[in-house]
Amino acid sequence: AQKITQTQPGMFVQEKEAVTLDCTYDTSDPSYGLFWYKQPSSGEMIFLIYQGSYDQQNATEGRYSLNFQKARKSANLVISASQLGDSAMYFCAMRVEYGNKLVFGAGTILRVKS
Amino acid sequence: DAMVIQNPRYQVTQFGKPVTLSCSQTLNHNVMYWYQQKSSQAPKLLFHYYDKDFNNEADTPDNFQSRRPNTSFCFLDIRSPGLGDAAMYLCATSGDRGRTTEAFFGQGTRLTVV
Chain A
24 AQKITQTQPG MFVQEKEAVT LDCTYDTSDP SYGLFWYKQP SSGEMIFLIY QGSYDQQNAT
84 EGRYSLNFQK ARKSANLVIS ASQLGDSAMY FCAMRVEYGN KLVFGAGTIL RVKS
Chain B
8 DAMVIQNPRY QVTQFGKPVT LSCSQTLNHN VMYWYQQKSS QAPKLLFHYY DKDFNNEADT
68 PDNFQSRRPN TSFCFLDIRS PGLGDAAMYL CATSGDRGRT TEAFFGQGTR LTVV
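If you're matching them up, the sequences are chains A and B in order.
Residues 24 to 137, numbered by this note's numbering, are exactly what the first sequence covers, in order.
Residues 8 to 121, numbered by this note's numbering, are exactly what the second sequence covers, in order.
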């Protein structure tokens with residue numbers, strides 16, 4: 024079974040500073056993908072970044088990077104130079120190779136302070 | 008241009024009155040998902056399709072049904088909505104490249120039960 028755990032219900036960060044959102048996962052499948060999504064108050068789900076279980080390097084997309092520690096089964100999202108528009112709910116999700124099922128963690132609400 | 012379209016954006020239904028939510032996609036993706044999301048919670052997977060193969064989650068109530076008449080369209084039927092079914096319903100699609108493909112989400116339908 025797949026499981027995603029996000030232990031930070033809420034986080035605050037000062038504008039222009041970096042913030043790390045935690046995500047741990049559990050699966051017995053050796054082949055899987057990890058995703059981060061942003062959900063603003065408008066409700067839309069925005070894809071941010073992807074990390075594959077066999078990827079040798081940590082994924083980066085602009086101000087987003089993923090700190091992937093496979094042995095610890097963690098996939099933390101790092102947002103650099105936070106902006107006010109980054110205030111939103113952030114979800115970590117996982118999909119294994121076989122089954123197509125995409126499951127989400129509980130989410131972390133991020134608030135960026137000016 | 009929107010690639011996953013959900014209609015309507017807002018739906019008000021009466022307690023016990025059947026309601027259908029619709030989702031269409033222009034991405035020609037094999038996989039389609041339906042999620043239920045309550046306020047400040049993670050999206051909860053109700054079911055997903057791989058082509059016409061239907062996969063129901065074990066804890067999805069029988070009150071929730073789905074149809075996928077073709078690749079482009081998918082419907083969520085709630086046979087007898089209760090007050091507890093009030094939520095945002097999210098449709099998503101994904102390609103069939105296993106773990107690697109991110110899911111694309113529609114804007115959701117917010118269901119109110121009165």
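Backbone N, C-alpha and C define an ideal beta-carbon position, used for all residues, glycine too.
Within 8 Å of the CB of Glu-67(A), the CB atoms of chain B belong to Phe-112, Gln-114 and Gly-115, in sequence order along the chain.
Any Cβ of chain A closer than 8 Å to the Cβ of His-36(B) would place that residue at the interface, and such an atom is absent.
Listed by position along chain A, the residues whose Cβ is nearer than 8 Å to that of Tyr-57(B) are Asn-123.
For Asp-49(A), the beta-bridge partners assigned by DSSP are Lys-26(A). By the neighbour-count criterion, in which a residue is buried when 16 or more other Cβ atoms sit within 10 angstroms of its Cβ, Arg-118(A) is buried. In the three-state DSSP reduction, Asp-60(B) falls in the strand class (E or B). When beta bridges are read from the DSSP output, Ala-116(A) appears opposite Phe-58(A) and Phe-127(A). When 7 Å is used as the limit between beta carbons, Gly-128(A) is near these residues of chain B: Ala-49, in chain order. Using a C-beta cut-off of 8 Å, the segment 10-24 of chain B makes no contact with the segment 50-62 of chain A, since fewer than three inter-stretch Cβ pairs fall below that distance. As DSSP reads the structure, Asn-14(B) sits in a beta bridge with Ser-29(B).
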